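Novice: In our numbering, the protein residues as written are 1191 to 1813. Using N, Cα and C, we set each Cβ at its ideal position, and we do this for glycine too. Keep in mind that this is a model prediction, so the values were computed, not measured. The following block contains the structure, expressed as structure tokens.
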């Protein structure tokens, strides 16, 4: 606001001097002196907006709650021409603070002068906004291309659609991608390479893939130096009280690193100060599981060692959790096993990450290794509101607590991790079935298929639709048997959970034709038949379905053209004979009513196994 100049700027600068003299001043008093009083003394004539962006990325939950109370106290005092817009991911502490503000009075006044809107990043409105932003972000590049007369109407409609899909609802993805294309020597080729990236399964994966691609492209430049890269990133990733500029970075490095800085301009903001474009870049370049070793930046070491994982609350009363308040019956579905977990055994970093939470490896005090699925909505694929996200978690907990079968991963109980409810199951050291088949190429794929089909039959026999059946949602036990997991998108076909749910769908490569072919005003509804379509999609190939198609649009077009996944070569899937291939083709019938039910798949697999044994016996006799 000081940049506006005039009396307002003078008043704010005077207030800064006064506030700096008293470090013990509360947030509300500081806000009043720095913002409220100057604006009331010199109110703007035109409508003005104060934007407080990304509250969830700032401070601790206690500090955020105090700031929200300060805003509730001070905003009503501001001139009527001023509105305040606060943006945040739906973190539970922020939701809780807003809920409390909506039921409290401050200084005798009801706090009801605010409205809360949930932004659906996968909704049609956001897709329209993304398309507009893509057109705006690529306008500078398009102007230069069209001015040269090489091509008109760039990016094309198909390219813009591809960008929308790759962005996974993230405007940040589009901005970084546009800056990358703008800074390249051949923008058209740079965009084509971007659209060849594997379609990400989540917003987090989308950013990771983009960061990896941009860094690799930067490293291919003759101006790029690895030594300079590590010097630059080492400086911009360390919090500092002084603003960094290109000159100051070069001065601290002791030589000119500006050429490498410009190679990284898609990932850095260069003016007025040099900083990373987003905190997700910090997380990427400091994570050895995501980032290539040549780009990896070691996290600064602190003098005090502390656990990185969320705190395990052994005696935290479940009924105090906000989620349990909304769904009190949840605490009685399964036992609280928090006291059985050794707090020192919890892995420092998640062993796996999903759209709805992180999975930590831990151990019971009796030695049993367990997986703890913490609940955290950090950019879920369907970008649910926090209330809808809670409903999904309760749906998963409710359904998971009801199932018991050798081919279903059992739910041992719940605990409180990081102040949130978490679900505890046995640890599966063989990881998911796709990884297992890759590491054990000679394992019987038919037997794995039988396990998966048996687990699915059990679910369907109990009127449960899995809704997200794919290789990463099938884990393998120590004994080598498959177990279905992840009931976040599961639903009861005929039943009532006591929870209102929204219809959701899984990843598009596993989606049946009827889930793709819906009107814009309709939501696709998962069914028993859509589960069958997804059955066995990658067990035989160790690859994602339709791996021959890289872009999401081409997969959708292929399915709409009634194409099925390509049959793998015999050396890739030697067990996949004509009979089993015919069964898979039946599962991929483009008419939902033409697909077999799960029990028929199990029976067919058993019959094929029996006939195979008979043939083996005949061959032995003849031999």
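Looking at the unbroken beta strand (DSSP E) that takes in residue 1640, where does it start and where does it end?
Specialist: Taken as a continuous stretch (DSSP letters only), residue 1640 belongs to no beta strand (DSSP E), being part of the alpha helix (DSSP H) at 1635 to 1651.
Novice: Compute the distance between the beta-carbons of residue 1607 and residue 1549, then report whether it is under 8 Å.
Specialist: Against a cut-off of 8 Å, the Cβ pair of residue 1549 and residue 1607 comes out as no contact.
Novice: From residue 1660 to residue 1734, what does the alpha carbon distance come to, in whole angstroms?
Specialist: Looking at the two C-alpha atoms, the distance is approximately 9 Å.
Novice: So, at 8 Å on beta carbons, what are the nonlocal neighbours of residue 1275 in its own chain, with the 5 sequence-adjacent residues on each side left out?
Specialist: Same-chain partners within the cutoff: 1239, 1240, 1241, 1242.
Novice: Taking all protein chains shown into account, do 16 or more other C-beta atoms lie within 10 angstroms of the C-beta of residue 1349, making it buried, or fewer, making it exposed?
Specialist: Buried, since its Cβ has 16 or more Cβ neighbours within 10 Å.
Novice: Mind checking whether residue 1635 and residue 1698 have CB atoms under 8 Å apart?
Specialist: No; because the gap between Cβ atoms is not below 8 Å, this pair is not in contact.
Novice: Output yes or no for whether 8 Å exceeds the beta carbon distance between residue 1788 and residue 1650.
Specialist: Yes, Cβ-Cβ distance for residue 1788 and residue 1650 is below 8 Å.
Novice: Under a Cβ-count criterion, where at least 16 other Cβ atoms within 10 Å of its own Cβ denotes burial, should residue 1201 be classed as buried or exposed?
Specialist: By the 10 Å Cβ count, residue 1201 comes out buried.
Novice: Only counting the same chain, and skipping five residues up and downstream in sequence, which positions put a Cβ closer than 7 Å to that of residue 1535?
Specialist: Closer than 7 Å at Cβ, skipping near neighbours: 1552, 1553.
Novice: At which residues does the alpha helix (DSSP H) containing residue 1627 begin and terminate?
Specialist: Element bounds for residue 1627: 1623 to 1629.
Novice: What's the gap between the Cα of residue 1654 and the Cα of residue 1585?
Specialist: So the alpha carbons of these two residues sit roughly 11 Å apart.
Novice: With DSSP as the reference, identify every bridge partner of residue 1603, one or two as the case may be.
Specialist: DSSP, once it has assigned bridges, lists 1614 as partnering residue 1603.
Novice: Can you grab the Cα-Cα spacing for the pair residue 1800 / residue 1786, in whole Å?
Specialist: About 20 Å.
Novice: What alpha helix (DSSP H) runs, 4 residues minimum, are completely inside the segment 1208 to 1259?
Specialist: Entirely contained in the segment 1208 to 1259, the alpha helix (DSSP H) runs reaching 4 residues are, in chain order, 1217 to 1221, 1227 to 1231.
Novice: Would you give the residue range spanned by the beta strand (DSSP E) that residue 1560 belongs to?
Specialist: Element bounds for residue 1560: 1559 to 1564.
Novice: Mind checking whether the beta-carbon of residue 1633 lies closer than 7 Å to any heavy atom of the ligand NAP?
Specialist: Looking for the ligand NAP in the displayed structure turns up nothing, as the structure carries no ligands at all.
Novice: Report the rounded CA-to-CA distance for residue 1237 versus residue 1448, giving the unit in angstroms.
Specialist: Rounded to whole angstroms, residue 1237 to residue 1448 spans 41 Å at the Cα level.
Novice: For residue 1275, report the span of its beta strand (DSSP E) as first-last.
Specialist: Here the beta strand (DSSP E) through residue 1275 covers 1272 to 1276.
Novice: Under DSSP, the alpha helix (DSSP H) around residue 1777 begins and ends at which residues?
Specialist: Start and end: 1768 to 1777.
Novice: Exposed or buried, residue 1260, counting other C-beta atoms within 10 Å across all chains shown (16 or more means buried)?
Specialist: Buried is the call here.
Novice: Excluding sequence positions up to five away, which residues of its chain have a Cβ less than 6 Å from the Cβ of residue 1725?
Specialist: Excluding positions up to five away in sequence, the list reads 1777.
Novice: Please state whether the Cβ-Cβ distance between residue 1599 and residue 1523 is less than 8 Å.
Specialist: Not a contact, by the Cβ cut-off of 8 Å.
Novice: Can the beta-carbon of residue 1463 be found less than 8 Å from the beta-carbon of residue 1427?
Specialist: Contact: no.
Novice: Rounded C-beta distance between residue 1460 and residue 1436? I'm assuming under 8 Å.
Specialist: Residue 1460 to residue 1436, Cβ: 7 Å. Contact.
Novice: In three-state terms, what does DSSP make of residue 1382?
Specialist: Three-state result, residue 1382: helix.
Novice: Please state whether the Cβ-Cβ distance between residue 1605 and residue 1668 is less than 8 Å.
Specialist: No; because the gap between Cβ atoms is not below 8 Å, this pair is not in contact.
Novice: Three or more beta-carbon pairs under 8 Å between the segment 1398 to 1417 and the segment 1355 to 1374, yes or no?
Specialist: Yes, they touch.
Novice: Quick check: the Cα distance between residue 1727 and residue 1772, rounded to an integer number of angstroms?
Specialist: Answer to the nearest angstrom: the Cα atoms are 13 Å apart.
Novice: Identify the residues that DSSP records as bridge partners of residue 1672: which are they?
Specialist: According to DSSP, residue 1672 bridges with 1666.
Novice: Once you ignore the five residues that flank residue 1555 on each side, which residues in its own chain have a CB closer than 7 Å to its CB?
Specialist: These residues qualify, in order along the chain: 1530, 1532.
Novice: To the nearest angstrom, report how far apart residue 1618 and residue 1765 are at their CA atoms.
Specialist: Near 26 Å, if we compare the C-alpha coordinates of residue 1765 and residue 1618.
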